[in-house]
Amino acid sequence: MAGAPTMRPSPQARPSSIPELGAEDGVEINNLGTFNGVPQPGTNITLTAHVIVKNPNIASFRYPNTTTMLYYHGNVVGEARGPPGKARAQRSQRITATVDLITGRVMADPNLLTDVASGTLVVGSFTRVGGRMRLLRFVQRHVVVTMNCTVTISVATRSIQQQKCKRHVKL
Numbered sequence: 558m559a560g561a562p563t564m565r566p567s568p569q570a571r572p573s574s575i576p577e578l579g580a581e582d583g584v585e586i587n588n589l590g591t592f593n594g595v596p597q598p599g600t601n602i603t604l605t606a607h608v609i610v611k612n613p614n615i616a617s618f619r620y621p622n623t624t625t626m627l628y629y630h631g632n633v634v635g636e637a638r639g640p641p642g643k644a645r646a647q648r649s650q651r652i653t654a655t656v657d658l659i660t661g662r663v664m665a666d667p668n669l670l671t672d673v674a675s676g677t678l679v680v681g682s683f684t685r686v687g688g689r690m691r692l693l694r695f696v697q698r699h700v701v702v703t704m705n706c707t708v709t710i711s712v713a714t715r716s717i718q719q720q721k722c723k724r725h726v727k728l
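Each residue of the sequence shown is one higher than the last, beginning at 558 in the working numbering.
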């Protein structure tokens, strides 16, 4: 039909265009009060983690405060909150979070001595970033991106030996 308006597809959030979370290698251990390699009671271990919010969209992604939880053998041993921000279109935004690891909770775990004797500590982390993705200034989508990581820390060198992360996106 001549003169009939053409229908344009509405903008959709495709899996390839959804914001992603990533973790930089090299989580920094800033403060580690130990005696013979064992954390001392009453002292906290301070970690600095760098999380990357990658936005492959042609639109921006705004997010409020971020939350990161640390786990040792399934128990919460630390928490951090990151600042709000905006990942501009087709850019990445770096979030720096300082995490205080509560050594009293780690020390109470019966597996600690075995882990220290083996030379490695395995710590889990869970990061959640929820926000709004704006498409073409008119359409907004609420997006929640989560990342679950397992980090193996060398007790002797105080460094990250291995880091594996899994991501999940919910629209």
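Backbone N, C-alpha and C define an ideal beta-carbon position, used for all residues, glycine too.
* To do: Please name the residue, chosen from S675, Q647 and D666, that lies closest to I609 on a Cα-to-Cα basis.
  => Q647
* Asked: Does the Cβ-Cβ distance between T625 and V663 come in under 8 Å?
  -> One thing to note: T625 has its Cβ no nearer than 8 Å to the Cβ of V663.
* Would you check if the distance between the CB atom of V679 and the CB atom of T709 is smaller than 8 Å? => Note that the C-beta distance between V679 and T709 is below 8 Å.
* **Beta carbon of S711 nearer than 8 Å to that of G676** => yes
* G642: first and last residue of the uninterrupted beta strand (DSSP E) it sits in -> G642 to A644
* Does the Cβ of N622 have 16 or more other Cβ atoms within 10 Å, making it buried, or fewer, making it exposed? -> So N622 ends up on the exposed side.
* Asked: Just checking my contact of G639 with I652 at CB under 8 Å: how many whole Å lie between their CB atoms?
  -> 4 Å
* Hey, how far is the Cα of I620 from the Cα of E636? -> In the sequence as displayed, the identity of residue 620 is Tyr instead of Ile. Approximately 18 Å between the Cα atoms of the pair.
* Asked: Is L604 buried or exposed, if buried means 16 or more other CB atoms sit within 10 Å of its CB?
  -> buried
* Asked: Expressed to the nearest angstrom, what Euclidean distance is found between the alpha-carbon atoms of T714 and R698?
  -> Looking at the backbone, the Cα of T714 and that of R698 are separated by about 44 Å.
* To do: Output yes or no for whether 8 Å exceeds the beta carbon distance between N705 and F683.
  => yes
* Asked: What residues in its chain sit with their C-beta under 6 Å from that of Q650, if we drop five residues either side in the sequence?
  -> V610, G642 and A644
* Rounded to whole angstroms, what's the CA-CA distance from I659 to D666? Just pull it up for me. => 12 Å
* Asked: At which residues does the beta strand (DSSP E) containing V663 begin and terminate?
  -> That residue, V663, is in no beta strand (DSSP E); its alpha helix (DSSP H) goes T660 to M664.
* Asked: How far does the alpha helix (DSSP H) with V757 in it reach, from first residue to last?
  -> Because the chain is modelled from 558 through 728, residue 757 falls outside the range shown and cannot be assessed.
* Return yes when the Cβ of V700 is within less than 8 Å of the Cβ of M690, no when it is not. => yes
* Would you call F695 buried or exposed, if buried means 16 or more other Cβ atoms sit within 10 Å of its Cβ? -> exposed
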